[in-house]
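Enquirer: Residue numbers (numbering that gives the first Met the number 0), protein chains in the order written: chain A, 0 to 261; chain B, 0 to 341.
The beta-carbon is built from N, C-alpha and C at its ideal position, and this holds for glycine as well.
Here the structure is a predicted model, which is why all the values come from computation and not from measurement.
Submitted below is the structure of interest, expressed as structure tokens.
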Amino acid sequence: MSTLTYAVHDSMTMLRRNIKHALRYPAVSLGPAMMPILMLLLFVYAFGDSIGAGLPGNGGRSAYLEYLTPGVIIMGVAAGAMSTSIAVCQDMTEGIVNRFRTMNITRSSFMTGHVVGSVLTTLVSLILVVAVALALGFRPSATPVEWLAAAGLITAIAFAVAWLSAALGLISKTVESASNKPLLIQFLPFLGSAFVPAGTMAPGLRWFAENQPFTPMTETLRGLLTGSAIGNDGWISLAWCAGIALVGYAWSRTLFNGTTKR
Amino acid sequence: MPSSVMPTTTRNGGPQSPGVGADAISAVGLRKSYGDKTVLDGIDLRIPAGSVFALLGPNGAGKTTTVQILSTLIAADGGQAQVAGHDVATSPAGVRAAIGVTGQFAALDDLLTAEENLLLVADLLRLGKREGRKRAKELLERFDIADVAGNRAATFSGGMRRRLDIAMTLVGDPRVIFLDEPTTGLDPRSRRTMWETVRSLVAGGVTIFLTTQYLEEADQLADRIAVLDGGRIVAEGTSDELKAQIPGSHVRLRFNETDEYERAAAAFPGAVGALRDDEELTLRIAGDGDLAALRTLFDRLDAAGVRAADFSVHTPDLDDVFLALTGDGGTGAALHVKETQR
């Protein structure tokens with residue numbers, strides 16, 4: 000077997016381990032889906048009518064559902080960050096990681112297994128979110144190709160967020176702090192166009208909202224699912240994903256190779 | 000083993016089992032510090048293949064750091080080390096292929112069952128499905144956890160976790176095994192089971208590097224013992240050699256009067272010289288305290304016309320060695336000898 004085959008084999012073994020964890024504790028693995036679903040229900044039924052009235056076209060609740068769903072999906076991707084950093088930190092604070100490190104296996108497989116596992120569970124939990132949105136009356140205009148592109152975009156975002164949160168898990172000394180650090184990532188979609196158009200925000204915040212990564216991602220997904228204008232946002236989103244993934248990967252790699260906890 | 004020799008690789012990836020007398024582990028001048036704190040201050044080790052080596056020391060002596068360096072978990076700041084013929088710094092993969100490590104904290108996956116834990120390791124060793132299952136089954140039976148193979152490790156008792164941990168270490172048939180305080184926190188029964196395990200491993204030709212704070216454990220298991228204190232090896236040898244390093248068996252005589260004490264001291268000059276403790280008016284006279292030796296001793300006292308107020312016979316054990324060598328710089332050995340009356 001070549002080095003690459005080893006790397007793939009070891010990463011698959013690690014991935015199977017993480018999938019086993021996810022299947023065994025669905026409450027933990029699908030937990031991140033709960034927040035976006037609750038937000039969806041809350042915003043649509045409590046605030047939807049009045050926020051929808053403020054949207055262009057004065058569409059009310061159903062228009063807001065259409066506006067909000069892509070934003071909530073993006074929020075769901077960001078919410079997956081927490082379970083990644085918790086899982087990584089948990090492994091790091093327990094003895095098992097030292098067993099992996101003293102075995103002749105591909106070093107990166109440990110992190111790769113976590114990241115790919117995290118992307119998969121995020122995708123599954125997003126299926127739940129979309130199902131709830133459809134049940135509430137969300138009627139996307141996307142063609143199959145647009146659905147595919149949307150899935151690709153979500154996977155890319157989930158991948159980038161997972162590498163970054165894996166690094167956050169590595170710098171956390173306790174599981175508690177590992178669950179707190181990604182809150183920043185989770186909160187970021189609120190300060191973007193996920194819930195209301197960035198253009199309606201106060202000037203300083205508007206500048207931030209327009210220039211932070213989750214806004215172009217939300218706008219791209221919204222365009223793919225509901226047919227709104229995408230413009231350059233697609234490329235900007237992919238560039239953000241590549242940048243975040245690279246930084247997260249390089250950071251995780253340095254941290255994992257350089258530290259031994261305990 | 001010269002590094003130019005590159006024997007054919009076994010399944011474990013390491014060189015073929017070194018011949019009798021070859022060193023499984025050797026280290027020269029290992030140093031490690033964290034910030035200002037020097038943890039290891041120049042450690043030399045030579046551990047022949049097929050032997051059990053115990054690194055004995057109090058908490059914080061640097062035992063775990065030594066294991067971490069030798070098992071490639073951390074890099075040393077200075078010095079060199081070879082494990083199973085591979086340099087830990089330049090050929091960590093070769094080292095990892097030959098070793099098994101059981102750390103101070105059970106290295107298992109709590110969310111997986113015992114069997115799944117073993118299969119995980121087998122998968123990572125790329126044993127293949129059939130071989131992996133066979134190894135897992137063997138080890139589950141050998142370590143008496145076959146009946147709970149389907150239970151999650153999280154539900155296991157301390158002793159069972161250790162057994163599973165060791166079983167996971169053995170999946171790959173390592174030639175060199177590191178056991179970092181393997182019995183810390185175990186009840187006496189589990190401790191004895193672990194000792195039996197270690198003995199059976201040695202019988203199979205494996206080299207074992209053991210760290211422990213329990214003197215009895217080192218005494219029971221190890222061919223050679225090194226005492227680590229403050230980042231330095233303060234003594235090394237077999238259990239008997241170590242015991243011989245500190246004041247051996249001796250008889251203590253205590254007197255009530257200073258002049259009696261002085262006359263008695265004068266009766267044991269030179270070679271049979273007594274160690275004086277002027278404050279306590281106590282003499283310590285070397286000798287193993289058997290009847291003949293005691294009779295000679297008392298005869299001398301009688302000849303000098305003094306009577307001891309009190310006498311006791313002391314035999315050193317590893318506790319004495321440990322206490323004498325560790326702690327206050329290890330210099331005042333004689334002063335630290337534990338007062339065990341036998």
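Less than 8 Å between C-beta atoms, sequence neighbours within five positions excluded: which residues of the same chain meet that for G49/B?
Expert: As a first step, residue 49/B is located in the second sequence; it is residue number 50 there, counting from the start. So the list reads V19, A23, V201, G204, V205 and T206, once near-sequence residues are dropped.
Enquirer: According to DSSP, is V100/B helix, strand or coil?
Expert: Residue numbering aside, residue 100/B sits at position 101 when the second sequence is read from its first letter. In this structure, V100/B counts as strand in the three-state DSSP scheme.
Enquirer: Taking 9 Å as the CB-CB limit, is I46/B close to chain A?
Expert: As a position in the second sequence, residue 46/B is number 47, starting the count at 1. It does not: the Cβ of I46/B has no partner Cβ on chain A nearer than 9 Å.
Enquirer: For chain A, is any of its Cβ atoms less than 9 Å away from the one on G99/B?
Expert: Taking the second sequence and counting its residues from 1, one reaches residue 99/B at position 100. Judged by the 9 Å Cβ criterion, G99/B is in contact with chain A.
Enquirer: Short check: CB of V174/A to CB of I235/A, under 9 Å?
Expert: Locating residue 174/A in the first sequence gives position 175, where the first residue counts as 1. Locating residue 235/A in the first sequence gives position 236, where the first residue counts as 1. Going by C-beta atoms, V174/A is not nearer than 9 Å to I235/A.
Enquirer: State the start and end residues of the unbroken beta strand (DSSP E) segment that holds T206/B.
Expert: Your numbering for residue 206/B matches position 207 in the second sequence. Where T206/B is concerned, the enclosing beta strand (DSSP E) stretches over T206 to T211.
Enquirer: For a contact meaning CB atoms closer than 8 Å, what does E115/B contact in chain A?
Expert: Along the second sequence, one-based indexing puts residue 115/B at 116. Near E115/B (Cβ distances below 8 Å), the residues of chain A are K19.
Enquirer: Just grab the DSSP bridge partners of A26/B for me.
Expert: Residue numbering aside, residue 26/B sits at position 27 when the second sequence is read from its first letter. The partner list for A26/B (beta bridge, DSSP) reads L44/B and A80/B.
Enquirer: Threshold first: 3 residues or longer. Then list the beta strand (DSSP E) segments lying entirely within the segment 149-222 of chain B, N to C.
Expert: If you keep only unbroken beta strand (DSSP E) runs of at least 3 residues inside the segment 149-222 of chain B, you get 175-179 and 206-211.
Enquirer: Over the uninterrupted alpha helix (DSSP H) stretch that includes A26/A, give me the two end residues.
Expert: Here residue 26/A is taken as the residue at index 27 of the first sequence, counted from 1. Taken as a continuous stretch (DSSP letters only), the alpha helix (DSSP H) holding A26/A covers P25 to S28.
Enquirer: Quick check on the burial criterion: 16 or more other C-beta atoms within 10 angstroms. Buried or exposed for T196/B?
Expert: Position 197 of the second sequence, counted from the first residue, corresponds to residue 196/B. By the 10 Å Cβ count, T196/B comes out buried.
Enquirer: Would you say A88/B lies against chain A (beta-carbon separation less than 9 Å)?
Expert: Counting from 1 along the second sequence, the entry for residue 88/B is found at position 89. No, no contact with chain A.
Enquirer: Is it true that the CB of G226/A sits closer than 9 Å to the CB of A155/A?
Expert: As a working note, residue 155/A is residue 156 in the first sequence. As a working note, residue 226/A is residue 227 in the first sequence. For A155/A and G226/A, no; Cβs fall outside 9 Å.
Enquirer: For T257/B, does the three-state DSSP call read helix, strand or coil?
Expert: Your numbering for residue 257/B matches position 258 in the second sequence. Three-state result, T257/B: helix.
Enquirer: Using a Cβ cut-off of 7 Å, pull out every chain A residue sitting near G102/B, in sequence order please.
Expert: Numbered from 1 along the second sequence, position 103 holds the residue referred to as residue 102/B. What G102/B touches in chain A: G94 and N97.
Enquirer: At 4 residues or longer, and completely inside the segment 62-101 of chain A: list those alpha helix (DSSP H) runs for me, N to C.
Expert: 95-100
Enquirer: Kindly indicate which three-state DSSP category G49/B falls into: helix, strand or coil?
Expert: Here residue 49/B is taken as the residue at index 50 of the second sequence, counted from 1. Residue state, collapsed to three classes: coil.
Enquirer: Tell me where the beta strand (DSSP E) around R283/B begins and ends.
Expert: Translated into positions along the second sequence, residue 283/B becomes position 284. First-last of the beta strand (DSSP E) with R283/B: T281 to A285.
Enquirer: Do you know how far the Cα of A225/B is from the Cα of F52/B?
Expert: One-based indexing of the second sequence puts residue 52/B at position 53. One-based indexing of the second sequence puts residue 225/B at position 226. About 8 Å.
Enquirer: For a cutoff of 9 Å on Cβ pairs, would you count I85/A as touching chain B?
Expert: Here residue 85/A refers to the residue found at position 86 when the first sequence is read from its first residue. It does not; no Cβ of chain B falls within 9 Å.
Enquirer: Just list the residues that DSSP pairs E235/B with in beta bridges.
Expert: Reading the second sequence from its first residue, position 236 is the one you call residue 235/B. E235/B pairs with A225/B.
Enquirer: Which chain A residues sit within Cβ distance under 7 Å of R132/B?
Expert: For this step, residue 132/B is matched to residue 133 along the second sequence. In chain order: nothing, as chain A lies at least about 15 Å away.
Enquirer: Please look up how many angstroms separate the CB atoms of L107/B and R190/B, rounded, as I've assumed it's under 8 Å.
Expert: Position 108 of the second sequence, counting from 1, holds the residue named residue 107/B. Position 191 of the second sequence, counting from 1, holds the residue named residue 190/B. That belief does not hold up - the Cβ atoms of L107/B and R190/B are roughly 19 Å apart, past 8 Å.
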